Amino acid sequence: MLTENCYTELNQPNLEIILSVIRNGGIFIYPTETVWALGCIALNKSSVDKIYQLKKRDKSKPLICLIDDFESISKYAILPESKIATKLKLHNHPTVIYQKTKPSLKHVTNENNEIAIRITPIIELKKIIKMLNAPIISTSANISGQPFPINFNDIDKNITSAVDLMLNFEVESTGIPSTIIRIDETGELQYLR
3 MLTENCYTEL NQPNLEIILS VIRNGGIFIY PTETVWALGC IALNKSSVDK IYQLKKRDKS
63 KPLICLIDDF ESISKYAILP ESKIATKLKL HNHPTVIYQK TKPSLKHVTN ENNEIAIRIT
123 PIIELKKIIK MLNAPIISTS ANISGQPFPI NFNDIDKNIT SAVDLMLNFE VESTGIPSTI
183 IRIDETGELQ YLR
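According to our numbering, the sequence shown holds residues 3 to 195 in order.
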């Protein structure tokens, strides 16, 4: 188990270390409202590539970007009409696949230039994202094809030994991956999971 660089609270000294590790390309494990996740700063292609390698994930499968608020979506994706945006706000933190991605995140999109974005409800993650002024990657902390890790002890040792940082905040987790909604070309919502 990773004990060095393991943080359970987000006080100022810890926050400075956490931000430094992430800004410098660090890979980290953290809890979400769904399952344990593996992340990095989404704008760093090299770090994103490390996550693909660590998970043994096919690069044709895009990764989710976590952001801190609804207004941040427009920095990374083309927003749908306001009536659709209003509908999305009614859902409980779904992952939304947007049709068009802005250039800074091309390396986390699928072949159709779609990007998956979720707004985190977790206060500590919101603060980290806001301080980074960038989204973070959120993908289950497992080897592709293996079960989703609901508890920290479920995470494969090859992953825990390879990360630079672990965040272990108290989070109430459902243990179920997030709902995935895709906005199609006509602006309709498609429920994928």
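Glycine included, C-beta positions come from ideal geometry on N, C-alpha and C.
Keep in mind that this is a model prediction, so the values were computed, not measured.
For residue i, which of the options has the nearest alpha-carbon?
i      : options                        : result
ILE75  : GLU11, TYR100, LYS63           : TYR100
GLY28  : PRO151, CYS67, ASP186, VAL165  : VAL165
TRP38  : LEU134, MET133, ASN114, GLU172 : GLU172
GLU116 : ILE124, ARG184, LEU68          : ARG184
SER62  : ASP51, ASP71, CYS42, PHE72     : ASP51
THR97  : THR36, PRO15, ASN16            : THR36
SER22  : SER140, ILE130, ALA79, ILE161  : ILE130
ILE182 : LEU17, LYS132, ILE119          : ILE119
ILE66  : LYS58, LYS102, THR111, ASN26   : THR111
ARG195 : HIS95, ASP60, LEU56            : HIS95
When burial is assigned at 16 or more other CB atoms within 10 Å of the CB, is residue i buried or exposed?
i      : result
PRO64  : buried
GLU126 : buried
ASN155 : exposed
PRO142 : What sits at residue 142 in the sequence shown is Ser, not Pro. Classification for SER142: buried.
GLY189 : exposed
MET3   : In this predicted model, MET3 has a pLDDT of only 43, less than 50, meaning its place in the structure is not dependable; the value taken from the coordinates is given anyway. With fewer than 16 Cβ atoms within 10 Å of its Cβ, MET3 is classed as exposed.
LEU45  : buried
GLY147 : exposed
ASN114 : exposed
THR122 : buried
SER140 : buried
Helix, strand or coil: how does DSSP classify residue i here?
i      : result
GLN2   : Summary: the structure shown does not reach residue 2, with the chain confined to residues 3 through 195, and so no result is reported for it.
VAL165 : coil
GLN192 : strand
ARG59  : coil
LEU21  : helix
THR176 : coil
ILE80  : coil
PHE72  : helix
GLU113 : coil
ILE125 : helix
Taking the DSSP output, what are the residues bridged to residue i?
i      : result
ILE182 : THR97
TYR9   : LEU169
ALA118 : ILE66, ILE99
ALA39  : TYR32, SER142
If you pair each beta-carbon of the stretch 103 to 111 with each one of the stretch 7 to 15, do three or more pairs fall below 8 Å?
-> no
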